[in-house]
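*Asks:* Chains as they are written, first to last, in the UniProt record's numbering: chain A, 1 to 1001; chain B, 1 to 177. Have a look at this one.
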Amino acid sequence: MASDVREQAHGSVASQLHSSEEDRAFDMTTSEKVVELLNQAALISTEEKLIVLKQVQELIINKDPSLLDNFLDEIIAFQTDKSIEVRKFVIGFIEEACKRDCELLLRLIANLNMLMRDESVNVVKKAILTLSQLYKVALQWLVRTKSVSDMQEACWDMVTQLKEDVLALLDSDNDGVRTYAIKFTESLIITLSPRTPDSDTPKKQEGDISLDKIPKDHTYIRYDTLCDEGKLALEQLLKFMVHPAISSINLTAALGSLATLARQRPMFMSEVVQAYETLHANLPPTLAKSQVSSVRKNLKLHLVSVLKHPSSVDFQGQISTLLLDLGMSQSEISRCTPATVQPRKRLHHEPYVEGKRTKMVEDDDDKEEPAPVVTPKSSSTAGTQSSIDLTAEFLLPLLNPENVANLVFCFWVLATSATISVLLSPQLGVLIFSQVRVKLLARLVTQFEGGKKNDLLQFILEDMRGRSELAFSLLFHEYNEYLGQQPSGSLDSYEHCLFTLLSGLQEKPEQRDGLFTKLVLEAPVITDSALEVIQRYCEDESRVYLGMSTLKELILKRPSRQYQYLNVLLNLSSHEKEKVRSTALSFIKRMYEKEHLKDCIEKFALTYMQFLVHPNPPSLLFGAGEDTEVAASWTEETVRQCLYLYLSLLPINHCLVHELAAVYTEAIADIKRSVLRVIEQPIRGMGMSSPDLLLLVEYCPKGAETLVTRCLHILTDKVPPSPELVERVRDLYHKRVPDVRFLIPVINGLEKNEVIQALPKLIKLNPIVVKEVFNRLLGTQHSEGSPSMSPLTPGELLIALHNIDSSKCDMKSIIKATNLCFGEKNVYTSEVLAVVMQQLMEQTPLPILLMRTVIQSLTMYPRLAGFVMNILARLIHKQVWKYPKVWEGFVKCCQRTKPQSYNVLLQLPPPQLASVFERCPEMREPLLQHVHAFTPHQVHSIQAHIPASVMAVLEANSRKPEPEPQPELHHPEIIEEREVCCDEAEVATDLFFCFVMYIRV
Amino acid sequence: MVPHRLVVVRERGFDVRSFGTGTHVKLPGPAPDKPNIYDFKTTYEQMYNDLVRKDKELYTQNGILHMLDRNKRIKTRPERFQSCKEQFDLVITCEERVYDQVLEDLNSREQESLQPVHVINVDIQDNHEEATLGAFLICELCQCIQHTDDMENEMDELLQEFEEKSQRPFLHTVCFY
Chain A
1 MASDVREQAH GSVASQLHSS EEDRAFDMTT SEKVVELLNQ AALISTEEKL IVLKQVQELI
61 INKDPSLLDN FLDEIIAFQT DKSIEVRKFV IGFIEEACKR DCELLLRLIA NLNMLMRDES
121 VNVVKKAILT LSQLYKVALQ WLVRTKSVSD MQEACWDMVT QLKEDVLALL DSDNDGVRTY
181 AIKFTESLII TLSPRTPDSD TPKKQEGDIS LDKIPKDHTY IRYDTLCDEG KLALEQLLKF
241 MVHPAISSIN LTAALGSLAT LARQRPMFMS EVVQAYETLH ANLPPTLAKS QVSSVRKNLK
301 LHLVSVLKHP SSVDFQGQIS TLLLDLGMSQ SEISRCTPAT VQPRKRLHHE PYVEGKRTKM
361 VEDDDDKEEP APVVTPKSSS TAGTQSSIDL TAEFLLPLLN PENVANLVFC FWVLATSATI
421 SVLLSPQLGV LIFSQVRVKL LARLVTQFEG GKKNDLLQFI LEDMRGRSEL AFSLLFHEYN
481 EYLGQQPSGS LDSYEHCLFT LLSGLQEKPE QRDGLFTKLV LEAPVITDSA LEVIQRYCED
541 ESRVYLGMST LKELILKRPS RQYQYLNVLL NLSSHEKEKV RSTALSFIKR MYEKEHLKDC
601 IEKFALTYMQ FLVHPNPPSL LFGAGEDTEV AASWTEETVR QCLYLYLSLL PINHCLVHEL
661 AAVYTEAIAD IKRSVLRVIE QPIRGMGMSS PDLLLLVEYC PKGAETLVTR CLHILTDKVP
721 PSPELVERVR DLYHKRVPDV RFLIPVINGL EKNEVIQALP KLIKLNPIVV KEVFNRLLGT
781 QHSEGSPSMS PLTPGELLIA LHNIDSSKCD MKSIIKATNL CFGEKNVYTS EVLAVVMQQL
841 MEQTPLPILL MRTVIQSLTM YPRLAGFVMN ILARLIHKQV WKYPKVWEGF VKCCQRTKPQ
901 SYNVLLQLPP PQLASVFERC PEMREPLLQH VHAFTPHQVH SIQAHIPASV MAVLEANSRK
961 PEPEPQPELH HPEIIEEREV CCDEAEVATD LFFCFVMYIR V
Chain B
1 MVPHRLVVVR ERGFDVRSFG TGTHVKLPGP APDKPNIYDF KTTYEQMYND LVRKDKELYT
61 QNGILHMLDR NKRIKTRPER FQSCKEQFDL VITCEERVYD QVLEDLNSRE QESLQPVHVI
121 NVDIQDNHEE ATLGAFLICE LCQCIQHTDD MENEMDELLQ EFEEKSQRPF LHTVCFY
């Protein structure tokens, strides 16, 4: 594509090159032409190069493919070109070449593998596109081959590996790369699943390979393995889609991929529709408002494209519900529903179209209402008589030649007092179920005793879809009966009818046409037993969305008992099945926006949360046995049950957070731990600008310190702390709870001196915590966003550690902390360490750990040796021997850096040199030899001029031993130092000597 | 003013083409309910001559002739997006209706290369001031996109910034060729 652009944009250059080309073309073979073009390509600018390379590609792939092999290497050599566009061209070339000649895959797949790891994402993206194509090419090629060679096996293994690599890119940090990975996954799933007769295959892909074309007895390609890989890829795609922080574009791409899958592989229709439902109910909270509009628009578009596919027939109910929710009108939806699959398709003639028929029922009901239903339950004769009269009344206007036959039949049934079973007999199946008969039958049955009613109900349930009018009629008549018997009437019969119908529908699998919803919403009264069935329906994972949509309608449209309905939904919010629970939560969240339901929902959520202060979980949580005493102890699961609803409301209504703090302070430790585990998402959802969270931080209640700390960590995990948050934490720390751990999450928001002041306390904490502090300060924390700005540079941090007052912190902790710094080799480069050493060396008094740091730096970066020699020389001027620990390290350092250190040693005053030899006598002899080896010229240079007193020490061995070096204790500073850190100094020395070893290990 | 409600941009080269998406080309006529309608085969030259013949003064005054004159120097005739088989990196629409048409068209094409194309809608009212403001906004947006190292990775954030700055919601999606 990009090369198209070039051709367009630089057409003039192209034509120039081209025309000069053509002039000579007459006496040039194609091969010569290619050679010339390739020669040009090596020298010209990127833009022209692309044009030339394109020409070469045309010549050797399309014009004369026999040349392809000859010039392959020359073209592929451009894969290391510095221009991204040229590298992308090479990938395109690989694709075209392999399509032209599959054998080339053997050579080129390794190049693609390399380009897939290119440093430019744009090259990687192009490589992914090409792999989408070449995966199919390679598979087809291998399937065609009877006996697969070793080379081919290796090639296919690499293709498979590349496929895995791209699937792993679904987790890439780059949004664009993830989008390409999604499309690759889509294409892979299509290839690795069988094409079926109802597959909607694009014309251009008709020749593509798919699972159904793979022989099960192939020598190398394993059908089962591929089949499993395809399923796995689908799972990965579905899993990817439910990631709560998925980007809007990834989501859009994935929605499209699912639609393609549903159309090209209708076998996945159910998974796709379910994924759409889940997504619709749980749009990622990270999307901006306009992104939500974009995503919803896309969802609508793709749902329509899925709906138009003939195989969507079983899912039309679900899809229509979603489309209605997305703002599409019923008539638009009907227009998109394929005509060939009208659910009511029958062999015989239908008197009315569906919509009209339903309307008839309603009209009839209206018309009937004034007609009083006077007949009480009495003898069947009387009942039949009055029924006939009534029937005649409303039949008259409907009479026409078409239904006379039916009427005759009905009257015959009635006149002979035939049993209902005749009406229900199978012969009737061939007759038209006219409105009239439906009415008749319903009316008739309501007059009858229980047994017949059950027969009729069973009859309806055998084909609910076809007999729904009868069902509705029956239900309304039962209700009319009840109204007619007011005020003493009983609802029992109506309830039985509704209950039987609803549970019949509920127990039937695969009922996706919305009859259940229709029945619930049209039933005049929802009885308790009916509500139980609705609840059971909602608990069925495959129908939860439909069930809860129905429940939502009830709550919103039947205000008289809305709290009772709402309660069912609320109870489901802590359901053990994840899908039921999450769907309930998303419905409740939407209802929470309604002012009149808000209090009720909130009260429920808080009641549940307040269970957490009880010593044992209430029996309510264990389902049915509400009265039984349960002495179970709290588990992670029961704690979560009490919090699901609360936590999903929290991001919507931030002031609820104070209730959590109150409960938290009273709860036992186990519960506290569970709470800390589950609050991550909601707290992140609230964000650090939430005034209520800031308030919580500011007034951190006693006992809620750990909760507040956890919140702070969650908030600052991925983003740097805001100034407001830092201010509140600072206040909390200074005025209320001086626990240094509060400062950690906001440490990068503090002032430099604040951090330095807190350091002694910070490094005394648990090693894992200290590590985290350092990660934050050094920017080595794993974070997605931009690196947060630390108040201290790495160098400043290390210097600050050296300057910690040893009365405030033990030496061991300081040493461990410096070790953490040295562990970050990427941060503490030789340059940083050089600056640190330089600055430390200039301080007075010298920091006790100075030489330790010098030696450690030297171990990490041997090339610092020259620099260290300078430091050592400067230390002599600073009378380093007055600082016992530093002096000790100085000698160690010289020992380790001989022979370079000889010149430094020679600069020591004689007593100190003698002290060195006392510590390590083995140094003397080599040093003496070093001096003896000086050339006469060197001896005269200032540098190498050795005073006699020094020579005396050097040669001491042959004479009497030197007196003890000056005791060092006369220096008040140092005495003090010794007294204070006596023990620590020991430790320091130990660590001093062993660190080199463990660094090497 | 019959602004072209659709702009497409190709990456880096910043190669811009404009298209119509309707079934016809409509230009304002003597009254709001009497537009001049042409099919996509008509050249700008022909439209120009037609309008000169019909009412030179009116169409000079309302700027249509000027616009046609400018257009005919860029290309011979208007193009219809749905008939264009070239691939683009970015499509910008100025009206939700047009955005929907583009999405519908792109989604109805058979996928082949899986090359993504981003589609962005910036709602711009059909009046002179809005069109000017909108033109600047789109131009700035394109420039910003052009300056990104990795368009697809930075688009999301960029659009949100623009949304905030311009105080209008954008629609954004990705389709595939």
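Glycine residues also receive a C-beta, built at the ideal position from the N, C-alpha and C atoms.
Is A:K735 near the ligand PLP - that is, is its Cβ less than 7 Å away from at least one heavy atom of it?
*Replies:* As far as ligands go, the structure on display features none, and thus does not contain the ligand PLP.
*Asks:* First and last residue of the beta strand (DSSP E) that includes B:L27?
*Replies:* 25–27
*Asks:* Distance, Cα to Cα, B:E157 vs A:D717?
*Replies:* 20 Å
*Asks:* Determine the contact status of A:G256 and A:H218, defining contact as a CB-CB distance below 8 Å.
*Replies:* no
*Asks:* How about the stretch 693–706 of chain A and the stretch 732–747 of chain A: do they share at least three Cβ pairs that are nearer than 8 Å?
*Replies:* yes
*Asks:* Less than 8 Å between CB atoms is the rule here; does B:H24 satisfy it with respect to chain A?
*Replies:* no
*Asks:* Using only alpha-carbon positions, find the residue among A:T278, A:A817, A:M114 that is nearest to A:P760.
*Replies:* Answer by Cα proximity: A:A817.
*Asks:* How long is the line joining the alpha carbons of A:I516 and A:G547, rounded to whole angstroms?
*Replies:* Here residue 516 of chain A turns out to be Phe, not Ile, going by the sequence shown. So the alpha carbons of these two residues sit roughly 8 Å apart.
*Asks:* So for B:T93, helix, strand or coil by DSSP?
*Replies:* strand
*Asks:* Do you know how far the Cα of A:R536 is from the Cα of A:T638?
*Replies:* 22 Å
*Asks:* Note down, in chain order, every chain A residue with its Cβ under 9 Å from the Cβ of B:S83.
*Replies:* By Cβ distance, chain A contributes nothing, its closest Cβ being about 17 Å from B:S83, past 9 Å.
*Asks:* Within the same chain, show all residues whose beta-carbon is closer than 6 Å to that of A:S493, passing over the 5 residues directly before and after it, in chain order.
*Replies:* Once the five neighbours on either side are set aside, the close Cβ partners of A:S493 are E478.
*Asks:* Does the distance from the CB of A:I60 to the CB of A:L68 come in under 8 Å?
*Replies:* yes
*Asks:* Does the stretch 908–922 of chain A come into contact with the stretch 855–874 of chain A, if we say contact requires no fewer than three beta-carbon pairs (one atom in each stretch) closer than 8 Å?
*Replies:* no
*Asks:* To the nearest angstrom, how far is the alpha carbon of A:D64 from that of A:K33?
*Replies:* 12 Å
*Asks:* Does A:Y276 pass the burial test, meaning 16 or more other C-beta atoms within 10 Å, or should it be called exposed?
*Replies:* A:Y276 sits buried, since 16 or more C-beta atoms from the chains shown fall within 10 Å of its C-beta.
*Asks:* Identify the continuous beta strand (DSSP E) that holds B:Y48 and give its terminal residues.
*Replies:* Note, B:Y48: premise wrong, no beta strand (DSSP E); alpha helix (DSSP H) at 44–61.
*Asks:* Considering only C-alpha positions, which residue in the set A:L307, A:F917, A:T706 is nearest to A:M269?
*Replies:* Selected option, being the one with the closest Cα: A:L307.
*Asks:* Which residue wins for smallest C-alpha separation from B:N49, given the options B:P35, B:F40, B:I64?
*Replies:* Ranking the options by Cα distance to B:N49, first place goes to B:I64.
*Asks:* What three-state label does DSSP hand A:V373 in the structure shown?
*Replies:* Interpretation of A:V373 is limited by its pLDDT of 37, a score under 50 that renders its predicted location unreliable; no figure is taken from the coordinates.
*Asks:* According to the neighbour-count rule (16 or more other Cβ atoms, all chains shown, within 10 Å of its Cβ), is A:V422 buried or exposed?
*Replies:* The predicted model places A:V422 with a pLDDT of 47, which falls under 50 and marks its position as unreliable, so this point remains unresolved.
*Asks:* Answer yes or no: do B:C175 and B:L114 have a C-beta to C-beta separation smaller than 8 Å?
*Replies:* no
*Asks:* Give the DSSP-derived three-state secondary structure of B:S18 in the structure shown.
*Replies:* strand
*Asks:* Decide yes or no for the touch test of the stretch 133–145 of chain A against the stretch 154–170 of chain A: beta carbon pairs closer than 8 Å, at least 3 of them.
*Replies:* yes
*Asks:* Start and end of the beta strand (DSSP E) containing B:T173?
*Replies:* 170–176
*Asks:* Taking all protein chains shown into account, decide if A:G176 is buried (16 or more other Cβ within 10 angstroms of its Cβ) or exposed.
*Replies:* Around the Cβ of A:G176, a 10 Å sphere holds 16 or more other Cβ atoms; the residue is buried.
*Asks:* Which residues in chain B sit within 9 Å of A:S560, going by Cβ to Cβ distance?
*Replies:* One finds nothing in chain B with a Cβ atom closer than 9 Å to the Cβ of A:S560; even the nearest lies about 39 Å away.
*Asks:* Roughly how many whole angstroms lie between the Cα atoms of A:Y902 and A:H930?
*Replies:* 8 Å
*Asks:* For A:L849, tell me which candidate among A:I799, A:K898, A:G327 has the shortest Cα-Cα distance.
*Replies:* A:I799
*Asks:* Where does the unbroken alpha helix (DSSP H) through A:Y482 begin, and where does it stop?
*Replies:* First-last of the alpha helix (DSSP H) with A:Y482: 468–484.
*Asks:* Short of 8 Å in beta carbon distance, which residues of its chain neighbour A:L566, apart from the five on each side in sequence? Order them along the chain.
*Replies:* I555, M591, L597, C600, I601
*Asks:* In chain B, which residues lie with their C-beta within 7 Å of the C-beta of A:T252?
*Replies:* The CB of A:T252 comes closer than 7 Å to the CB of T173, V174 in chain B, given here in chain order.
*Asks:* My output table needs one value for B:P116: the three-state DSSP class, helix, strand or coil.
*Replies:* strand
*Asks:* Would A:R852 and A:G823 qualify as a contact pair, given that the criterion is a beta-carbon distance under 8 Å?
*Replies:* no
*Asks:* For a cutoff of 8 Å on Cβ pairs, would you count B:L103 as touching chain A?
*Replies:* yes
*Asks:* Closest by CA to A:A734, which one among A:C711, A:A758, A:S722, A:V719?
*Replies:* Note on identity: in this sequence residue 734 of chain A is His, with Ala being the wrong assignment. Nearest option by C-alpha distance: A:A758.
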